[in-house]
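Engineer: One structure is given below, represented as structure tokens, and several questions about it will come after.
There are 2 protein chains.
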Amino acid sequence: MKKFMNTAETMVAESVEGFVRAHEAFVVFGTERKCIRRRDLTSGKVALISGGGAGHEPMHIGFVGQGMLDAACVGHIFTSPTPSQIIAAIEEADTGAGCLLVVKNYDGDLMNFEMAIEMAGDRHSLDMVVVSDDIETSRTGEGRGRRGVAGTLIVEKILGAAAEGGMPLAELKRLGEGLNTRIRSMGVALNGVTVPQTERTTFTLGPDEMEMGVGIHGEPGHARQPFAAADTIIAHLCETITSDIAVTPGMRALLFVNGLGGTPPAELYLAYNGARRFIEERGIPIERSLVGTYVTSLDMQGLSVTLAMLTDEEIALWDAPVATAALRWP
Amino acid sequence: MKKFMNTAETMVAESVEGFVRAHEAFVVFGTERKCIRRRDLTSGKVALISGGGAGHEPMHIGFVGQGMLDAACVGHIFTSPTPSQIIAAIEEADTGAGCLLVVKNYDGDLMNFEMAIEMAGDRHSLDMVVVSDDIETSRTGEGRGRRGVAGTLIVEKILGAAAEGGMPLAELKRLGEGLNTRIRSMGVALNGVTVPQTERTTFTLGPDEMEMGVGIHGEPGHARQPFAAADTIIAHLCETITSDIAVTPGMRALLFVNGLGGTPPAELYLAYNGARRFIEERGIPIERSLVGTYVTSLDMQGLSVTLAMLTDEEIALWDAPVATAALRWP
Numbered sequence: 001m002k003k004f005m006n007t008a009e010t011m012v013a014e015s016v017e018g019f020v021r022a023h024e025a026f027v028v029f030g031t032e033r034k035c036i037r038r039r040d041l042t043s044g045k046v047a048l049i050s051g052g053g054a055g056h057e058p059m060h061i062g063f064v065g066q067g068m069l070d071a072a073c074v075g076h077i078f079t080s081p082t083p084s085q086i087i088a089a090i091e092e093a094d095t096g097a098g099c100l101l102v103v104k105n106y107d108g109d110l111m112n113f114e115m116a117i118e119m120a121g122d123r124h125s126l127d128m129v130v131v132s133d134d135i136e137t138s139r140t141g142e143g144r145g146r147r148g149v150a151g152t153l154i155v156e157k158i159l160g161a162a163a164e165g166g167m168p169l170a171e172l173k174r175l176g177e178g179l180n181t182r183i184r185s186m187g188v189a190l191n192g193v194t195v196p197q198t199e200r201t202t203f204t205l206g207p208d209e210m211e212m213g214v215g216i217h218g219e220p221g222h223a224r225q226p227f228a229a230a231d232t233i234i235a236h237l238c239e240t241i242t243s244d245i246a247v248t249p250g251m252r253a254l255l256f257v258n259g260l261g262g263t264p265p266a267e268l269y270l271a272y273n274g275a276r277r278f279i280e281e282r283g284i285p286i287e288r289s290l291v292g293t294y295v296t297s298l299d300m301q302g303l304s305v306t307l308a309m310l311t312d313e314e315i316a317l318w319d320a321p322v323a324t325a326a327l328r329w330p
Numbered sequence: 001m002k003k004f005m006n007t008a009e010t011m012v013a014e015s016v017e018g019f020v021r022a023h024e025a026f027v028v029f030g031t032e033r034k035c036i037r038r039r040d041l042t043s044g045k046v047a048l049i050s051g052g053g054a055g056h057e058p059m060h061i062g063f064v065g066q067g068m069l070d071a072a073c074v075g076h077i078f079t080s081p082t083p084s085q086i087i088a089a090i091e092e093a094d095t096g097a098g099c100l101l102v103v104k105n106y107d108g109d110l111m112n113f114e115m116a117i118e119m120a121g122d123r124h125s126l127d128m129v130v131v132s133d134d135i136e137t138s139r140t141g142e143g144r145g146r147r148g149v150a151g152t153l154i155v156e157k158i159l160g161a162a163a164e165g166g167m168p169l170a171e172l173k174r175l176g177e178g179l180n181t182r183i184r185s186m187g188v189a190l191n192g193v194t195v196p197q198t199e200r201t202t203f204t205l206g207p208d209e210m211e212m213g214v215g216i217h218g219e220p221g222h223a224r225q226p227f228a229a230a231d232t233i234i235a236h237l238c239e240t241i242t243s244d245i246a247v248t249p250g251m252r253a254l255l256f257v258n259g260l261g262g263t264p265p266a267e268l269y270l271a272y273n274g275a276r277r278f279i280e281e282r283g284i285p286i287e288r289s290l291v292g293t294y295v296t297s298l299d300m301q302g303l304s305v306t307l308a309m310l311t312d313e314e315i316a317l318w319d320a321p322v323a324t325a326a327l328r329w330p
């Protein structure tokens, strides 16, 4: 296991400190470093808060800033932030209009975010949107069904723009829940990852194998397959995704090819090229695109493909200005 | 060798096509796909052109757009673009004020860019800035001395802003040459890379080894060392860099930690944190920062540290708006 780190115990804290120092124009630490929040909060808007285990950077801290999240909490590697962290984020970010918490569908995250809502709900208006875009993790039949993966970025971007525009809490929740039904992701890994604390690999692949349908915590997928050409891999991912998503007239497609940590930009663009061709040949024109390393699984060599079918309003919210460490436009 | 690719022959073309399709708001292919250029050229400004071998993405194509490059040429992997490609870029990008070519200091690149200048110089005002920020490659004593690596991004950003502001060709060249004397980079690799065409690794490292001082083509560095804690690695890089750069009063420091392709954001931020602390303890306050995967060596697990000492004017040019696929602000 060769990683740029000092000790497994201090790895997350050192990395997050580096992040905050590098992006001090956007973000500051909250009290006792329990969360990262925007340097300048906007009074009277609903605060959008997210969080999750470390090891997925730049998600979520890289999405804190104008037009996206107000605060984010980072847990230990692949471990939910604590209720105390989430409550700290709520207390710092709520400027009076309440908070919407964006939570990825994992038992640990749900438990801690729900507990925070219960504990802080008497002093703050709070609600939650659960993201569950990962097709493959539904197949195992365990736990709460589909997990939240790269599609979370899309939910956070669109909700962030809507919150910036003054949308109230109940409407934001409806928007988020509607969105979540129209986003699908699937991932593939060329190697397993080593978790620093345990020094164990999540799974081990031979030189000619790949793992189809992996999650972002190195959860094994539904099938170990022989390593293949990019077009073959991409066809399998896109076929599964397009078979599972409802394509209704008037909906507009956003294609997001995400690197899982160890895959360079050139390979992601090649994969995007194949995915776009495949999906457009199925009669779904791609109107918005994102390619890059945004939702990682430590240093996993792999990628995920996400397709979102969006309304005109959601496309406009996607296009709205955003100023965070990881996403910035126009 | 597990990479997302179809064939070694088509890899670069497919990846670049994906890049152009993903960023069609910024860029288009030039005639016969010989170069990538801005969708909208600005008439009457000096055109800034760069290029180099593939395998370093997002450099340089990711830097094409408002406030940075006007066009970029992509060669085969780790191979200079041809004079014919460079001439095509000159012909498409020159709107009357001439072109400045930014070239990394490698024999192949210099030869082809010089040849293009010779061949197109009767029809266009052309000049060249050579970037040579890599400390380590000077030690080998071969070729033309220091190579150009991640510091090229800084030169292209600052010259791009100056060109956008109307700076004439001769002044841009002076600005670029001045800058180049005040930028130093050094890299480290935790593994060698496999070049797809040859299926050969550039060098092979054991599980407890690292290569100190690597170039971006997988050139071996000056020393194979036992793998160490991040702070030890970073201290070595930063010690070498700060010993080699002139720190003069009034100059302001930009610190750039760059991923070489296979290193995830969390590790880069951790390295940045250590580098910033080390350099600031040497009495050099960091005023601007960049952390991310911008100048790669295929899927190499590794990183480079770049320090630039900038004038107030250069800092203002660094801060000026930029709208490219890879760099975008304010």
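Going down the list, the protein sequences come from chains B and V. By UniProt numbering, the letter at position 239 of the first sequence is numbered 239, and the numbering carries on one by one without gaps. By UniProt numbering, the letter at position 239 of the second sequence is numbered 239, and the numbering carries on one by one without gaps. The C-beta atom is built at its ideal place from N, Cα and C for all residues, glycine as well.
(1) Just the C-alpha distance for residue 61 of chain V and residue 164 of chain V, rounded to the nearest angstrom, thanks.
(2) Between residue 176 of chain V and the ligand GTP, is there a pair consisting of the residue's CB and a ligand heavy atom that are separated by less than 7 Å?
(3) Does residue 2 of chain B come within less than 8 Å of chain V when only Cβ atoms are used?
(4) For residue 354 of chain V, name the three-state secondary structure that DSSP assigns.
(5) Counting only beta-carbon atoms, is residue 141 of chain V nearer than 8 Å to chain B?
(6) Under the DSSP definition of a beta bridge, which residues are partnered with residue 211 of chain V?
(7) Counting only Cβ pairs nearer than 9 Å, list the residues of chain A close to residue 233 of chain V.
(8) I'd like to know if residue 19 of chain B contacts chain V, where contact means its C-beta is closer than 8 Å to some C-beta of that chain.
(9) Beta carbon of residue 190 of chain V, beta carbon of residue 102 of chain V: below 8 Å?
(10) Pull up the DSSP beta-bridge partners for residue 36 of chain V, would you.
(11) Go through its chain and collect everything with a Cβ distance to residue 247 of chain V's Cβ below 7 Å, but skip five positions before and after it.
(12) List the residues of chain V that residue 55 of chain B touches, going by C-beta distances under 8 Å, in chain order.
(13) At a CB-CB cut-off below 9 Å, which residues of chain B make contact with residue 291 of chain V?
(14) Using only alpha-carbon positions, find the residue among B:192, B:116, B:96, B:298 that is nearest to residue 73 of chain B.
(15) I need the DSSP call for residue 49 of chain B, collapsed to helix, strand or coil.
(16) Could you give the DSSP three-state label for residue 167 of chain V: helix, strand or coil?
(17) When the cut-off is 8 Å and only beta carbons count, does residue 276 of chain B lie next to chain V?
(18) Please classify residue 299 of chain V as buried or exposed, where buried requires at least 16 other C-beta atoms within 10 Å of its C-beta.
(19) Could you give the distance in angstroms between the alpha-carbon of residue 226 of chain V and the alpha-carbon of residue 176 of chain B?
(20) Quick one: residues in its chain with C-beta nearer than 7 Å to the C-beta of residue 53 of chain V, no 5 flanking neighbours on either side, listed in chain order?
(21) With DSSP as the reference, please indicate the residues paired to residue 200 of chain B in a beta bridge.
(22) Enumerate in chain order the residues of its own chain whose CB-to-CB distance from residue 235 of chain B is below 8 Å, with the five nearest sequence positions on each side excluded.
(23) Would you kindly check if the distance between the Cβ of residue 254 of chain B and the Cβ of residue 154 of chain B is under 8 Å?
(24) Which residues in chain B sit within 8 Å of residue 263 of chain V, going by Cβ to Cβ distance?
(25) Nearest to residue 242 of chain V by CA position, among V:220, V:280, V:49, is which residue?
(26) For the candidate residues B:44, B:250, B:145, B:148, whose alpha-carbon lies nearest to that of residue 286 of chain B?
(27) Mind checking residue 94 of chain V: buried by the 16 CB within 10 Å criterion, or exposed?
(28) Among residues of its own chain, excluding the 5 on either side of residue 322 of chain B, which ones have a beta-carbon nearer than 8 Å to its beta-carbon?
(29) Can you list, in chain order, the residues of its chain whose CB lies under 8 Å from that of residue 303 of chain B, leaving out five sequence neighbours each side?
(30) Tell whether a beta-carbon distance below 8 Å holds between residue 192 of chain V and residue 218 of chain V.
(31) Quick one: what's got a C-beta closer than 8 Å to residue 39 of chain V's C-beta in the same chain, skipping five residues either side?
(32) Please list, in chain order, the residues of the region 41-71 of chain B that have any C-beta partner in chain V closer than 8 Å.
(33) Can you give me the Cβ contacts of residue 332 of chain V inside the same chain, cut-off strictly under 8 Å, excluding the 5 residues immediately before and after it?
(34) Between residue 272 of chain B and chain V, is there a C-beta pair that is closer than 8 Å?
(35) Less than 8 Å between the CB atoms is what I'm expecting for residue 293 of chain B and residue 265 of chain V, so what's the real figure, rounded?
(36) Out of V:36, V:325, V:216, V:295, point me to the one whose CA is closest to residue 59 of chain V's CA.
Structural biologist: Result, derived from the coordinates:
(1) As a working mapping, residue 61 of chain V is identified with position 61 in the second sequence. As a working mapping, residue 164 of chain V is identified with position 164 in the second sequence. Cα to Cα, residue 61 of chain V sits roughly 18 Å from residue 164 of chain V.
(2) As far as ligands go, the structure on display features none, and thus does not contain the ligand GTP.
(3) Here residue 2 of chain B is taken as the residue at index 2 of the first sequence, counted from 1. Chain V, which has a Cβ nearer than 8 Å to the Cβ of residue 2 of chain B, makes this yes.
(4) Beyond the ends of chain V as shown, which are 1 and 330, falls residue 354 of chain V; an answer cannot be given.
(5) Counted from its first residue, the second sequence places residue 141 of chain V at position 141. Caution applies to residue 141 of chain V, whose pLDDT of 49 falls short of 50 and renders its modelled position unreliable; the model cannot decide the point.
(6) Reading the second sequence from its first residue, position 211 is the one you call residue 211 of chain V. BP columns for residue 211 of chain V point to V:189, V:224.
(7) Looking at the structure shown, chain A is missing, and the protein chains on hand are B and V.
(8) For the purposes of this step, residue 19 of chain B is identified with residue 19 of the first sequence, where counting begins at 1. Cβ-Cβ to chain V under 8 Å: yes for residue 19 of chain B.
(9) Working through the second sequence from its first residue, we reach residue 190 of chain V at position 190. Working through the second sequence from its first residue, we reach residue 102 of chain V at position 102. Result no, Cβ atoms of residue 190 of chain V and residue 102 of chain V do not sit closer than 8 Å.
(10) Here residue 36 of chain V refers to the residue found at position 36 of the second sequence. Beta-bridge pairing links residue 36 of chain V to V:29, V:72.
(11) One-based indexing of the second sequence puts residue 247 of chain V at position 247. Excluding positions up to five away in sequence, the list reads 284, 309.
(12) By 1-based counting over the first sequence, the position of residue 55 of chain B is 55. Here the neighbours are 266.
(13) Taking the first residue of the second sequence as position 1, residue 291 of chain V is located at position 291. Here the neighbours are 18, 19, 22, 23, 325.
(14) Within the first sequence, the letter at position 73 stands for residue 73 of chain B. The shortest C-alpha separation from residue 73 of chain B is found at B:116.
(15) The residue labelled residue 49 of chain B in the question sits at position 49 within the first sequence. Of the three classes helix, strand and coil, the one that applies to residue 49 of chain B here is strand, per DSSP.
(16) Along the second sequence, one-based indexing puts residue 167 of chain V at 167. Residue 167 of chain V falls in the coil class under three-state DSSP.
(17) Counting from 1 along the first sequence, the entry for residue 276 of chain B is found at position 276. Closer than 8 Å to some Cβ of chain V, the Cβ of residue 276 of chain B qualifies, so yes.
(18) The sequence position of residue 299 of chain V within the second sequence is 299, counting from 1. The residue is buried, with at least 16 neighbouring Cβ atoms inside 10 Å.
(19) Taking the first residue of the second sequence as 1, we reach residue 226 of chain V at position 226. Taking the first residue of the first sequence as 1, we reach residue 176 of chain B at position 176. Their Cα atoms are separated by approximately 49 Å.
(20) Counted from its first residue, the second sequence places residue 53 of chain V at position 53. Answer for residue 53 of chain V: 75, 76, 77, 78, 79, 80, listed in chain order.
(21) As a working mapping, residue 200 of chain B is identified with position 200 in the first sequence. DSSP, once it has assigned bridges, lists B:195 as partnering residue 200 of chain B.
(22) Looking up residue 235 of chain B in the first sequence gives position 235. Taken in chain order, the residues that qualify are 274, 278.
(23) By 1-based counting over the first sequence, the position of residue 154 of chain B is 154. By 1-based counting over the first sequence, the position of residue 254 of chain B is 254. Yes.
(24) Counting from 1 along the second sequence, the entry for residue 263 of chain V is found at position 263. Those within 8 Å of residue 263 of chain V in chain B are 4, 262, 299.
(25) Residue 242 of chain V sits at position 242 when you count from the first residue of the second sequence. Nearest of V:220, V:280, V:49 to residue 242 of chain V, Cα basis: V:280.
(26) For the purposes of this step, residue 286 of chain B is taken as the residue at position 286 of the first sequence. For the residues B:44, B:250, B:145, B:148, the minimum Cα distance to residue 286 of chain B belongs to B:250.
(27) Position 94 of the second sequence, counted from the first residue, corresponds to residue 94 of chain V. Result: buried.
(28) On the first sequence, residue 322 of chain B is found 322 positions in, with the first residue counted as 1. Contacts found: 65, 66, 67, 68, 157, 160, 161, 328, 329.
(29) As a position in the first sequence, residue 303 of chain B is number 303, starting the count at 1. Once the five neighbours on either side are set aside, the close Cβ partners of residue 303 of chain B are 187, 188, 257, 258, 259, 260, 263, 267, 268, 271.
(30) Counting from one through the second sequence, the residue named residue 192 of chain V turns up at place 192. Counting from one through the second sequence, the residue named residue 218 of chain V turns up at place 218. A contact, by the Cβ cut-off of 8 Å.
(31) As a first step, residue 39 of chain V must be located in the second sequence, where it is residue number 39. Excluding sequence neighbours, residue 39 of chain V sits near 24, 25, 26, 27, 28.
(32) 54, 55, 57, 58, 62
(33) Not covered by the structure: residue 332 of chain V. The range shown for chain V is 1 to 330.
(34) Here residue 272 of chain B refers to the residue found at position 272 of the first sequence. Chain V contact via Cβ: present.
(35) As a first step, residue 293 of chain B is located in the first sequence; it is residue number 293 there, counting from the start. As a first step, residue 265 of chain V is located in the second sequence; it is residue number 265 there, counting from the start. Contact holds; Cβ gap of about 6 Å.
(36) Residue 59 of chain V sits at position 59 when you count from the first residue of the second sequence. Among V:36, V:325, V:216, V:295, the Cα nearest to that of residue 59 of chain V is on V:295.
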